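Engineer: Just so we're aligned, residue 793 is where the sequence shown starts under the numbering used here, counting upward by one. The beta carbon of each residue, even a glycine, is placed where N, CA and C say it ideally should be. Model, not experiment: these values are computed from the prediction.
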Amino acid sequence: MKIFNFTCLPAGRNFFQPSFSKFFDGRTSPLAAAIFKRGGVSALPTVLLLGGIIIEISIAIAFLTYIFNQTNFAARLSSEALAIAKAGVADAIVRVINNKDCPAAGCPAFYTLSINNRTAAITICKDTCAGIGKTQIESSGAAFLQNRKLRAVLNVNPTTGKVDIESVQEIAV
793 MKIFNFTCLP AGRNFFQPSF SKFFDGRTSP LAAAIFKRGG VSALPTVLLL GGIIIEISIA
853 IAFLTYIFNQ TNFAARLSSE ALAIAKAGVA DAIVRVINNK DCPAAGCPAF YTLSINNRTA
913 AITICKDTCA GIGKTQIESS GAAFLQNRKL RAVLNVNPTT GKVDIESVQE IAV
């Protein structure tokens with residue numbers, strides 16, 4: 793079965809030019825003749841189309857990867873903000889346990905707590921925010937652009953100094 797017919801070019805040329813006009817045991821195929829007559833004209837748009845599709849798919853995958861990473865990063869920062877807010881509530885509870893009259897001298901009504909570049913702004917309010925005999929603690933944790941806020945209400949016995957945690961809840965920022 794003969795597929796390619798190589799013929800020698802005119803004098804002065806030292807290479808062969810393939811002739812694709814004979815296919816299928818020497819018979820000429822009109823479709824093959826039409827394709828090879830046009831040369832690479834139809835190949836260029838096909839390559840450009842396939843290349844464009846591959847580039848578009850690559851851009852879509854890169855965009856989805858970026859969005860996925862940003863979502864995971866935001867979720868991690870949000871949990872870090874909640875953790876620093878919890879640390880702020882725990883620190884304020886320890887201050888109230890150590891000083892039953894907090895906020896008072898030596899126990900500020902507002903302070904900040906920093907751990908690993910994350911900050912919590914803590915406010916302690918006694919008898920006015922949550923009611924008489926109660927101390928309210930609000931801790932707002934911040935991690936980069938994510939903020940979470942917790943509110944704790946404590947019952948403090950004025951004579952014994954016993955502290956009971958009534959509630960700890962997350963509130964909207």
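Does V948 come out as helix, strand or coil in the three-state DSSP assignment?
Structural biologist: Counted from its first residue, the sequence shown places residue 948 at position 156. Note: V948 maps to strand in three-state DSSP.
Engineer: Rounded to the nearest angstrom, what separates I889 and I849 at their Cα positions?
Structural biologist: As a position in the sequence shown, residue 889 is number 97, starting the count at 1. As a position in the sequence shown, residue 849 is number 57, starting the count at 1. Those two C-alpha atoms are separated by around 60 angstroms.
Engineer: How would you write the range of the alpha helix (DSSP H) that T1023 sits in, first residue to last?
Structural biologist: With the chain running from 793 to 965 in the structure shown, residue 1023 is simply not present.
Engineer: Distance check for L836 and S813, CA to CA, integer angstroms please.
Structural biologist: In the sequence shown, residue 813 corresponds to position 21, counting from 1. In the sequence shown, residue 836 corresponds to position 44, counting from 1. Low confidence applies to S813: its pLDDT is 48, below 50, so where it sits in the model is not reliable enough to give any reading.
Engineer: Taking I907 as the reference, which of K926, F936, T920 and D893 has the closest Cα?
Structural biologist: Translated into positions along the sequence shown, residue 907 becomes position 115. Of the candidates K926, F936, T920 and D893, the one whose C-alpha sits nearest the C-alpha of I907 is F936.
Engineer: When burial is assigned at 16 or more other CB atoms within 10 Å of the CB, is V965 buried or exposed?
Structural biologist: Translated into the one-based positions of the sequence shown, residue 965 becomes position 173. Its Cβ having fewer than 16 others within 10 Å, V965 is exposed.
Engineer: Return the first residue and the last residue of the beta strand (DSSP E) that L905 is part of.
Structural biologist: Here the question's residue 905 lines up with position 113 in the sequence shown. First-last of the beta strand (DSSP E) with L905: F902 to I907.
Engineer: Starting from K918, follow its DSSP beta bridges and name the residues at the other end.
Structural biologist: Indexing the sequence shown from 1 puts residue 918 at position 126. Per DSSP, T927.
Engineer: Would L841 be called buried (16 or more neighbouring beta carbons within 10 Å of its own) or exposed?
Structural biologist: Residue numbering aside, residue 841 sits at position 49 when the sequence shown is read from its first letter. Answer is exposed; the Cβ neighbour count stays below 16.
Engineer: Taking the alpha carbon of L869 as the reference point, which residue from G933, E958, S959 and T952 has its own alpha carbon closest?
Structural biologist: As a working note, residue 869 is residue 77 in the sequence shown. Selected option, being the one with the closest Cα: G933.
Engineer: So does the region 909-924 actually touch the region 874-892, counting three or more Cβ pairs closer than 8 angstroms?
Structural biologist: Touching, yes, given that three or more Cβ pairs across the two stretches are closer than 8 angstroms.
Engineer: Would you kindly work out how many angstroms separate the C-alpha atoms of V955 and N947, rounded to a whole number?
Structural biologist: Here residue 955 corresponds to residue number 163 of the sequence shown, with the count starting at 1. Here residue 947 corresponds to residue number 155 of the sequence shown, with the count starting at 1. The alpha-carbon atoms of V955 and N947 are separated by roughly 6 angstroms.
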